[in-house]
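Engineer:
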Amino acid sequence: MAKAHAARGELTPLFQEWQFDPMPLYVAFPRNQHVSRKVRVFIDWITQLLAQHVPVTH
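Sequential numbering from 1484 applies to the sequence shown in the numbering used here.
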């Protein structure tokens, strides 16, 4: 998310030789209950945002 700022020279990358192990990220909610529009919009937004930076699995 900060990649554009770093590309413009606004940020200085640190610890470039470090590599972190992938970590799963889950959005959990009960499927048998109504999900509010706000929650659904958030889930869709965060999924799209993260898909730009990391592979998405279901």
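Where a beta carbon is used, it is the ideal one built from N, C-alpha and C, also for glycine.
Could you check the C-alpha separation between P1505 and V1537 for me, to the nearest Å?
Structural biologist: Approximately 9 Å, taken between the alpha carbons.
Engineer: With distances taken Cα to Cα, identify the nearest neighbour of Y1509 among I1526, A1489 and A1487.
Structural biologist: Of the listed residues, the one whose Cα sits closest to Y1509 is I1526.
Engineer: By alpha-carbon positions, which one of W1501, E1500 and P1507 ends up nearest to L1533?
Structural biologist: Selected option, being the one with the closest Cα: P1507.
Engineer: Taking the alpha-carbon positions, what's the P1513 to R1491 distance?
Structural biologist: Answer to the nearest angstrom: the Cα atoms are 42 Å apart.
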